[in-house]
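Residue numbers (our numbering): 1 to 446.
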Ligand code: 5AD
Ligand code: SF4
């Protein structure tokens, strides 16, 4: 039996696409999953071009397969996703032993590209400029049966000056609302407990199809399918509407959990980033959100060291972090991406200066996260079980509606794996920066 291995870099959209890639390799080519890339006949890398780090990791991974390919020349290496889309054939100049290059718009063609490469024994390369298909129409092999990604838009029209995404994912395209609801209904019937709606900027959902955003309606209609938990990423602060906040607050299925990237707290830098909001607008949204949902779990993305960032600009970012009371923040050192407007800016921040700022930011984020977690001690949390904890198999691990990891010991004889995908109630007793622990007060068996 021939085998495959898929390695995913980058965002949730890539994770979703990888589930489709695995589904196609099994359904269409009859492959089975291998435990390691070195043991597989087909190795697929679904790549990310957002920062340099992911690119370096890709090069390392592909180069390390060279030895396996010398032993078994029939191994096929395919590289797709955002780097595939960006580089196309030129990838072979720096990764010569790649057999298939594909992009973000032609995932469905991967099986035939692999067959061509195998038959001709030559690299098979296809990168398309655009597509009308959504990868959701392909067979899926979900990593976790109780959770599903559901793309509602692909691409991005925002052109933040640092970001490569609009160039590698194309213009924003929305899926018709009825298709989204139909897919959500199928997922619920399939036993899925949690759906995450996906898009680079979900808040502008529908603008291309209906002339105006219909995201609040999409959220409400998916919630009506009977899904237990509904999340969405990513929200752009310039487009998050009062109507969306109201649907979140009113609808018990929509988790009181929001990822709202701020990127910087300095108006000057936000302008240079082309984010099209001010720190005051952002903080105004945060006020509205906490008033509507006092238990809101809030996360963000922040870039440190954007060209021209001064000490005062950075202090303004720290001020926003203090005011926003984040539960989590993904922090990034600015990474220039060729082809983006910011890459041409000359006033770069020295690496050591950026690193000192980065470390200060991480410290502040950690204390904010711990403070938010401490407020949960004594509360009863509904937890969606993921399985046993890595350290102790008699302890279950799962997530709250706020997306926080929870550990709780189980009574003797209950295997946490048997509870995976079900909901339990956990009384929170202790907290760390990145997880909560407590004791079980009740569980639902299915
Ligand atoms: N450098 C650093 N971080 C970046 N991001 C996007 N582009 C860059 C870049 N060139 C970050 C942003 C975005 C997240 C997904 O990645 O914070 O929200
Ligand atoms: Fe990139 Fe900005 Fe689009 Fe997000 S909104 S994908 S940061 S261009």
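Even glycine gets a Cβ: it sits at the ideal position worked out from N, Cα and C.
Which of helix, strand or coil DSSP assigns to residue i
i: residue 227; result: coil
i: residue 193; result: coil
i: residue 446; result: Only weak support exists for where residue 446 lies, its pLDDT of 49 falling under 50; the value from the coordinates is given anyway. Coil.
i: residue 299; result: strand
i: residue 513; result: The chain is shown from 1 up to 446; residue 513 falls before or after that span and cannot be answered.
i: residue 7; result: strand
i: residue 275; result: coil
i: residue 480; result: No information on residue 480 is available, as it lies outside the stretch 1 to 446 that the chain covers here.
i: residue 380; result: strand
i: residue 85; result: helix
i: residue 467; result: Within the shown structure, residues of the chain are numbered from 1 to 446, placing residue 467 beyond reach of any answer.
i: residue 240; result: coil
i: residue 52; result: helix
i: residue 183; result: helix
Contact test: residue i Cβ vs the ligand 5AD heavy atom, cutoff 7 angstroms
i: residue 50; result: yes
i: residue 5; result: no
i: residue 303; result: yes
i: residue 232; result: no
i: residue 337; result: yes
i: residue 263; result: yes
i: residue 102; result: no
i: residue 162; result: yes
i: residue 332; result: yes
Inter-residue CB distance, residue i and residue j (contact presumed, cutoff 8 angstroms)
i: residue 406; j: residue 438; result: 7 angstroms
i: residue 354; j: residue 333; result: 5 angstroms
i: residue 154; j: residue 85; result: Not a contact, Cβ separation roughly 12 angstroms.
i: residue 31; j: residue 4; result: 4 angstroms
i: residue 386; j: residue 420; result: 6 angstroms
i: residue 13; j: residue 237; result: Actually they do not touch by this definition, with Cβ atoms about 20 angstroms apart.
Segment limits, alpha helix (DSSP H) that includes residue i
i: residue 317; result: 311-324
i: residue 111; result: 110-120
i: residue 254; result: Element bounds for residue 254: n/a, residue is neither H nor E.
i: residue 70; result: 66-71
i: residue 205; result: Note, residue 205: premise wrong, no alpha helix (DSSP H); not H, not E.
i: residue 371; result: 351-374
i: residue 19; result: 12-27
i: residue 416; result: 416-419
Check: residue i C-beta below 7 angstroms from any heavy atom of the ligand SF4
i: residue 16; result: no
i: residue 147; result: no
i: residue 168; result: no
i: residue 255; result: no
i: residue 200; result: yes
i: residue 281; result: no
i: residue 82; result: no
i: residue 259; result: no
i: residue 159; result: yes
i: residue 236; result: yes
i: residue 154; result: no
i: residue 165; result: yes
Unbroken beta strand (DSSP E) run spanning residue i, endpoints
i: residue 162; result: No beta strand (DSSP E) contains residue 162, which DSSP labels as neither H nor E.
i: residue 333; result: 328-333
i: residue 77; result: 76-81
i: residue 39; result: Counting along the chain, residue 39 falls outside any beta strand (DSSP E), and DSSP gives it neither H nor E.
i: residue 92; result: Here residue 92 belongs to no beta strand (DSSP E); instead the alpha helix (DSSP H) covers 91-94.
i: residue 398; result: 395-399
i: residue 150; result: 147-151
i: residue 428; result: 423-431
i: residue 100; result: 100-102
i: residue 407; result: 405-409
*Pair every Cβ in the stretch 173-186 with every Cβ in the stretch 43-50, then say whether three or more of these pairs are closer than 8 angstroms.*
no
*Contact between the stretch 359-372 and the stretch 420-440: three or more CB pairs below 8 angstroms?*
yes
*Between the stretch 107-118 and the stretch 66-80, do at least 3 Cβ pairs fall closer than 8 angstroms?*
yes
*Would you check if the stretch 155-164 and the stretch 260-275 touch, i.e. whether three or more CB-CB distances between them fall below 8 angstroms?*
yes
*asked:* For the pair the stretch 77-92 and the stretch 123-131, tell me if three or more CB-CB distances fall below 8 angstroms.
replied: yes
*Can you find at least 3 beta carbon pairs, one from the stretch 296-312 and one from the stretch 267-278, that sit closer than 8 angstroms?*
yes
*Are the stretch 239-259 and the stretch 165-181 in contact at 8 angstroms, needing three or more beta carbon pairs?*
no
_For the pair the stretch 279-298 and the stretch 237-250, tell me if three or more CB-CB distances fall below 8 angstroms._
yes
*Are there three or more Cβ pairs, one per stretch, closer than 8 angstroms when the stretch 372-384 is compared with the stretch 410-427?*
yes
*Counting Cβ pairs closer than 8 angstroms, one from the stretch 17-32 and one from the stretch 49-65, do we hit at least three?*
no
*At a cut of 8 angstroms, does the stretch 337-351 reach the stretch 391-411 through at least three beta carbon pairs?*
no
_the stretch 225-235 touching the stretch 191-209, judged by at least three CB pairs closer than 8 angstroms_ = yes
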